[in-house]
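Residue numbers (the numbering used here): 57 to 258.
1. Just to confirm, is the Cβ distance from residue 179 to residue 123 under 8 Å?
2. Taking DSSP's pairing of strands, which residues face residue 221 in a bridge?
3. Alpha carbon to alpha carbon, how far is residue 126 from residue 87?
4. If you draw a straight line from the alpha carbon of residue 78 to that of residue 154, how long is it in whole angstroms?
5. Which full runs of the beta strand (DSSP E) of 3+ residues lie inside the region 131 to 189, going along the chain?
6. Using the C-alpha atoms, what's the distance from residue 223 back to residue 257?
7. Determine contact between the region 62 to 78 and the region 162 to 174, defined as no fewer than three beta-carbon pairs at a distance below 8 Å.
8. So, are the CB atoms of residue 218 and residue 237 less than 8 Å apart?
9. So what's residue 215 in DSSP terms, helix, strand or just coil?
10. Using 8 Å as the threshold, is the region 129 to 149 in touch with the region 202 to 217, meaning 3 or more CB pairs across them?
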(Lines of atoms letter the chains of each structure in order from A and count residues from 1; the text may use other names and numbers.)
(Lines give C-alpha, C1' and ligand atoms only; values in the text may rest on other atoms or scores of the structure.)
Protein backbone atom coordinates (compact mmCIF):
# COMPACT_ATOMS: atom_id res chain seq x y z
CA UNK A 1 0.00 0.00 0.00
CA UNK A 2 1.32 3.41 -0.97
CA UNK A 3 2.16 5.56 2.04
CA UNK A 4 -0.51 8.20 2.59
CA UNK A 5 2.20 10.88 2.84
CA UNK A 6 2.95 10.29 -0.86
CA UNK A 7 -0.63 10.71 -2.06
CA UNK A 8 -2.56 13.86 -2.92
CA UNK A 9 -5.77 13.48 -0.90
CA UNK A 10 -8.09 15.09 -3.47
CA UNK A 11 -7.00 13.29 -6.66
CA UNK A 12 -5.50 10.12 -5.17
CA UNK A 13 -2.42 10.63 -7.35
CA UNK A 14 1.18 10.98 -6.21
CA UNK A 15 1.96 14.34 -4.64
CA UNK A 16 4.76 16.60 -5.83
CA UNK A 17 7.39 15.29 -3.39
CA UNK A 18 6.69 11.65 -4.27
CA UNK A 19 6.81 12.56 -7.96
CA UNK A 20 10.32 13.98 -7.65
CA UNK A 21 11.46 10.77 -5.92
CA UNK A 22 9.98 8.68 -8.74
CA UNK A 23 11.49 10.96 -11.39
CA UNK A 24 14.93 10.61 -9.84
CA UNK A 25 14.60 6.80 -9.87
CA UNK A 26 13.45 6.80 -13.51
CA UNK A 27 16.32 9.08 -14.51
CA UNK A 28 18.87 6.74 -12.89
CA UNK A 29 17.29 3.71 -14.58
CA UNK A 30 17.35 5.45 -17.98
CA UNK A 31 20.98 6.56 -17.57
CA UNK A 32 21.89 2.94 -16.70
CA UNK A 33 20.12 1.77 -19.88
CA UNK A 34 22.03 4.38 -21.90
CA UNK A 35 25.28 3.22 -20.37
CA UNK A 36 24.45 -0.42 -21.18
CA UNK A 37 23.62 0.54 -24.74
CA UNK A 38 26.82 2.52 -25.29
CA UNK A 39 29.06 -0.05 -23.60
CA UNK A 40 27.59 -3.04 -25.40
CA UNK A 41 28.87 -2.53 -28.93
CA UNK A 42 28.04 -6.06 -29.96
CA UNK A 43 24.41 -5.56 -28.97
CA UNK A 44 24.21 -2.33 -30.96
CA UNK A 45 25.91 -3.88 -34.00
CA UNK A 46 23.78 -7.01 -33.94
CA UNK A 47 20.53 -5.32 -32.99
CA UNK A 48 18.45 -4.89 -36.16
CA UNK A 49 16.26 -2.39 -34.34
CA UNK A 50 13.17 -4.49 -35.09
CA UNK A 51 12.47 -5.73 -31.57
CA UNK A 52 9.33 -3.95 -30.43
CA UNK A 53 9.10 -3.43 -26.68
CA UNK A 54 6.38 -0.84 -27.12
CA UNK A 55 3.19 -0.69 -29.18
CA UNK A 56 4.73 1.96 -31.42
CA UNK A 57 8.14 2.29 -32.98
CA UNK A 58 11.34 0.31 -32.78
CA UNK A 59 13.42 -0.81 -29.85
CA UNK A 60 15.98 2.01 -30.02
CA UNK A 61 13.18 4.58 -30.32
CA UNK A 62 12.27 3.80 -26.72
CA UNK A 63 15.12 2.10 -24.88
CA UNK A 64 17.05 4.58 -22.74
CA UNK A 65 14.40 7.28 -23.15
CA UNK A 66 11.47 8.71 -21.28
CA UNK A 67 9.12 11.65 -21.64
CA UNK A 68 7.65 14.19 -19.26
CA UNK A 69 4.11 15.52 -19.75
CA UNK A 70 2.63 18.58 -18.06
CA UNK A 71 -1.17 18.86 -18.08
CA UNK A 72 -3.14 22.00 -17.33
CA UNK A 73 -6.92 22.30 -17.02
CA UNK A 74 -7.95 25.11 -19.35
CA UNK A 75 -9.60 28.16 -17.71
CA UNK A 76 -9.73 26.44 -14.32
CA UNK A 77 -10.03 29.77 -12.51
CA UNK A 78 -13.20 30.46 -14.50
CA UNK A 79 -14.61 27.08 -13.43
CA UNK A 80 -14.03 28.02 -9.78
CA UNK A 81 -15.38 31.55 -10.29
CA UNK A 82 -18.46 30.51 -12.28
CA UNK A 83 -19.42 27.26 -10.57
CA UNK A 84 -17.72 27.38 -7.16
CA UNK A 85 -14.80 25.54 -5.58
CA UNK A 86 -16.77 22.37 -4.88
CA UNK A 87 -17.41 21.95 -8.61
CA UNK A 88 -13.75 22.80 -9.26
CA UNK A 89 -12.75 20.05 -6.84
CA UNK A 90 -15.07 17.66 -8.69
CA UNK A 91 -13.18 18.37 -11.94
CA UNK A 92 -9.84 17.74 -10.21
CA UNK A 93 -11.13 14.48 -8.71
CA UNK A 94 -12.37 13.35 -12.10
CA UNK A 95 -9.06 13.92 -13.86
CA UNK A 96 -7.37 12.03 -11.01
CA UNK A 97 -9.84 9.17 -11.51
CA UNK A 98 -9.21 9.06 -15.29
CA UNK A 99 -5.42 9.19 -14.88
CA UNK A 100 -5.52 6.50 -12.17
CA UNK A 101 -7.81 4.18 -14.13
CA UNK A 102 -5.03 3.02 -16.52
CA UNK A 103 -7.55 3.20 -19.37
CA UNK A 104 -5.16 5.55 -21.18
CA UNK A 105 -1.79 5.25 -19.45
CA UNK A 106 0.21 2.16 -18.48
CA UNK A 107 0.81 0.55 -15.13
CA UNK A 108 4.40 1.80 -14.95
CA UNK A 109 3.64 5.40 -15.98
CA UNK A 110 4.25 7.85 -13.14
CA UNK A 111 1.34 10.22 -12.56
CA UNK A 112 1.14 13.05 -10.02
CA UNK A 113 -0.66 16.22 -9.12
CA UNK A 114 1.96 18.92 -9.59
CA UNK A 115 0.03 21.72 -7.95
CA UNK A 116 -3.31 23.49 -8.34
CA UNK A 117 -4.80 22.42 -11.65
CA UNK A 118 -1.50 21.09 -13.04
CA UNK A 119 -0.64 17.42 -13.36
CA UNK A 120 2.62 15.80 -14.38
CA UNK A 121 3.46 12.43 -15.91
CA UNK A 122 6.59 10.44 -16.65
CA UNK A 123 6.21 7.94 -19.48
CA UNK A 124 9.09 5.43 -19.26
CA UNK A 125 10.60 4.06 -22.48
CA UNK A 126 8.60 6.52 -24.58
CA UNK A 127 10.08 9.19 -26.80
CA UNK A 128 8.40 12.58 -27.02
CA UNK A 129 6.83 11.96 -30.43
CA UNK A 130 5.17 8.71 -29.37
CA UNK A 131 4.08 10.32 -26.10
CA UNK A 132 1.63 12.33 -28.20
CA UNK A 133 -0.56 9.27 -28.77
CA UNK A 134 -1.78 8.64 -25.20
CA UNK A 135 -1.78 12.35 -24.33
CA UNK A 136 -4.02 13.18 -27.28
CA UNK A 137 -6.25 10.26 -26.31
CA UNK A 138 -6.57 11.76 -22.83
CA UNK A 139 -7.29 15.22 -24.25
CA UNK A 140 -10.02 13.92 -26.58
CA UNK A 141 -11.58 11.70 -23.94
CA UNK A 142 -11.70 14.39 -21.25
CA UNK A 143 -13.63 16.73 -23.57
CA UNK A 144 -16.47 14.20 -23.75
CA UNK A 145 -17.08 14.15 -19.99
CA UNK A 146 -20.11 16.15 -18.87
CA UNK A 147 -19.75 18.07 -15.63
CA UNK A 148 -22.68 19.65 -13.82
CA UNK A 149 -23.02 22.78 -11.74
CA UNK A 150 -25.25 23.11 -8.67
CA UNK A 151 -28.22 23.96 -10.92
CA UNK A 152 -27.60 20.79 -12.96
CA UNK A 153 -26.39 22.72 -16.00
CA UNK A 154 -23.75 20.77 -17.90
CA UNK A 155 -20.38 22.03 -19.06
CA UNK A 156 -17.24 20.51 -20.56
CA UNK A 157 -13.56 20.93 -19.79
CA UNK A 158 -10.53 20.93 -22.08
CA UNK A 159 -6.87 20.25 -21.35
CA UNK A 160 -3.60 21.69 -22.63
CA UNK A 161 -0.53 19.45 -22.57
CA UNK A 162 3.20 20.01 -23.02
CA UNK A 163 5.68 17.18 -23.65
CA UNK A 164 9.45 17.02 -23.47
CA UNK A 165 11.90 14.14 -23.67
CA UNK A 166 14.63 13.44 -21.12
CA UNK A 167 18.08 14.54 -22.28
CA UNK A 168 20.99 12.62 -20.67
CA UNK A 169 22.92 15.91 -20.69
CA UNK A 170 20.41 17.57 -18.35
CA UNK A 171 22.15 18.67 -15.18
CA UNK A 172 18.94 18.87 -13.12
CA UNK A 173 15.46 17.37 -13.23
CA UNK A 174 14.11 20.92 -13.47
CA UNK A 175 15.51 21.28 -17.00
CA UNK A 176 13.24 18.50 -18.28
CA UNK A 177 10.21 19.96 -16.50
CA UNK A 178 10.99 23.48 -17.74
CA UNK A 179 11.00 22.25 -21.35
CA UNK A 180 7.63 20.55 -20.84
CA UNK A 181 6.40 23.78 -19.25
CA UNK A 182 7.55 25.81 -22.28
CA UNK A 183 5.66 23.39 -24.54
CA UNK A 184 2.58 23.73 -22.30
CA UNK A 185 2.83 27.53 -22.47
CA UNK A 186 2.94 27.32 -26.27
CA UNK A 187 -0.14 25.05 -26.25
CA UNK A 188 -2.01 27.73 -24.32
CA UNK A 189 -0.68 30.48 -26.56
CA UNK A 190 -1.87 28.60 -29.65
CA UNK A 191 -5.44 28.42 -28.34
CA UNK A 192 -5.44 25.67 -25.68
CA UNK A 193 -7.04 22.19 -26.02
CA UNK A 194 -3.92 20.81 -27.71
CA UNK A 195 -0.72 18.83 -27.23
CA UNK A 196 2.62 20.50 -27.98
CA UNK A 197 5.98 18.68 -28.08
CA UNK A 198 9.01 20.77 -27.10
CA UNK A 199 11.35 18.93 -29.47
CA UNK A 200 9.09 19.72 -32.45
CA UNK A 201 8.77 23.44 -31.70
CA UNK A 202 11.94 24.81 -30.09
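Backbone N, C-alpha and C define an ideal beta-carbon position, used for all residues, glycine too.
So, to answer that:
1. yes
2. 123
3. 22 Å
4. 20 Å
5. 166 to 171, 174 to 180
6. 16 Å
7. yes
8. yes
9. strand
10. yes
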